[in-house]
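Notes to accompany the following structure.
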Amino acid sequence: DTGVSQNPRHKITKRGQNVTFRCDPISEHNRLYWYRQTLGQGPEFLTYFQNEAQLEKSRLLSDRFSAERPKGSFSTLEIQRTEQGDSAMYLCASSLSEEKGPQHFGDGTRLSIL
Amino acid sequence: AQKVTQAQTEISVVEKEDVTLDCVYETRDTTYYLFWYKQPPSGELVFLIRRNSFDEQNEISGRYSWNFQKSTSSFNFTITASQVVDSAVYFCALSGYSSASKIIFGSGTRLSIRP
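As given, the protein sequences belong to chains R and B, one line each in that order.
With our numbering, letter number 39 in the first sequence gets 39, and the count goes up by one each step, no holes.
With our numbering, letter number 23 in the second sequence gets 1023, and the count goes up by one each step, no holes.
In structure tokens:
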């Protein structure tokens, strides 16, 4: 069990640029979740995949955000035209559907917008 | 709407003291899950426990114990004989019982254990 892997660990970019993060879930997990965590707060749900299907999106996920899981394995989260408010830790989690949790989290990608 | 409140923002105790982290939740669901996660300075969220709403039995795992009281909508976490390695941010969380079940997190309690 190699755990949930996220890349990169840190991303620094200028406002207005596009960024893409990758998440590799635990291999047998068919559910994949994205969360965002700002300083001093708990993680907030962004979106969720069951295999390759994106089944739920939070209102936090503006039209500048897009997530994909094309083959039901790894997932990418892209933010277009980044804004200062996008600075946060982006966390990925995965789980088995039969368990209905618990979700196992990766180390996250910390995004800093200059 | 679902909500988790952790009123204690920060707690600091001396090593070997017992410490209790409070958690109060709100949900309209009749069935749900409750969780505790630990986030050490390294940043990874570490799963500690999941409890379903049918089971109000308290649980003990080593120095950790959890007290679930449905009547007061609380799910408190006690660390006995705390150690410096317990220093972390602890999150209480809630999810529905249905299959998707995004997790709703509280704002966390930062626990510092002083040697």
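Ideal placement from N, C-alpha and C gives every residue a C-beta, glycine not left out.
Using the beta-carbon of each residue, which ones in chain R are nearer than 8 Å to residue i?
i	result
residue 1107(B)	40, 41 and 42
residue 1091(B)	42 and 43
residue 1044(B)	105, 106, 107 and 108
Using the Cα positions of residue i and residue j, report the straight-line distance between them to the nearest angstrom.
i	j	result
residue 1063(B)	residue 1032(B)	26 Å
residue 51(R)	residue 1114(B)	45 Å
residue 42(R)	residue 1107(B)	5 Å
residue 13(R)	residue 20(R)	11 Å
residue 1111(B)	residue 1003(B)	21 Å
residue 1086(B)	residue 1078(B)	11 Å
residue 25(R)	residue 88(R)	20 Å
residue 1043(B)	residue 1055(B)	30 Å
residue 36(R)	residue 44(R)	5 Å
Bridge partners of residue i, per DSSP?
i	result
residue 57(R)	47(R)
residue 93(R)	33(R) and 105(R)
residue 1052(B)	1033(B)
residue 67(R)	77(R)
residue 1003(B)	1026(B)
residue 1112(B)	1012(B)
Check for me: the beta strand (DSSP E) holding residue i runs from which residue to which?
i	result
residue 6(R)	5–7
residue 24(R)	19–24
residue 77(R)	75–79
residue 1021(B)	1019–1021
Anything in chain B within Cβ reach of residue i, meaning under 8 Å, just list it in chain order.
i	result
residue 49(R)	The premise fails here: residue 49(R) is roughly 10 Å from chain B at the closest Cβ pair, so nothing lies under 8 Å.
residue 10(R)	Near residue 10(R) there are no residues of chain B at all, since even the closest Cβ is about 11 Å away, more than 8 Å.
Give me the chain R residues within the contact set of residue i, using Cβ-Cβ distance strictly less than 9 Å, ordered along the chain.
i	result
residue 1094(B)	Correct list: empty, because the minimum Cβ distance to chain R is about 11 Å.
residue 1051(B)	By Cβ distance, chain R contributes nothing, its closest Cβ being about 11 Å from residue 1051(B), past 9 Å.
Could you list which residues in chain R have their beta carbon closer than 7 Å to that of residue i, in chain order?
i	result
residue 1016(B)	By Cβ distance, chain R contributes nothing, its closest Cβ being about 28 Å from residue 1016(B), past 7 Å.
Applying a beta-carbon distance threshold of less than 7 Å, which residues of chain B neighbour residue i?
i	result
residue 90(R)	Correct list: empty, because the minimum Cβ distance to chain B is about 11 Å.
residue 104(R)	1047
| message | So within the segment 1066–1110 of chain B, which uninterrupted beta strand (DSSP E) runs reach at least 3 residues, ignoring any that extend past its ends? | response | The segment 1066–1110 of chain B contains these whole beta strand (DSSP E) runs: 1074–1079, 1088–1096 and 1103–1105.
| task | Quick one: which unbroken alpha helix (DSSP H) runs of 4-plus residues sit fully inside the segment 1023–1050 of chain B? Chain order, please. | result | Along the segment 1023–1050 of chain B, the alpha helix (DSSP H) does not occur as any fully enclosed run of 4 or more residues.
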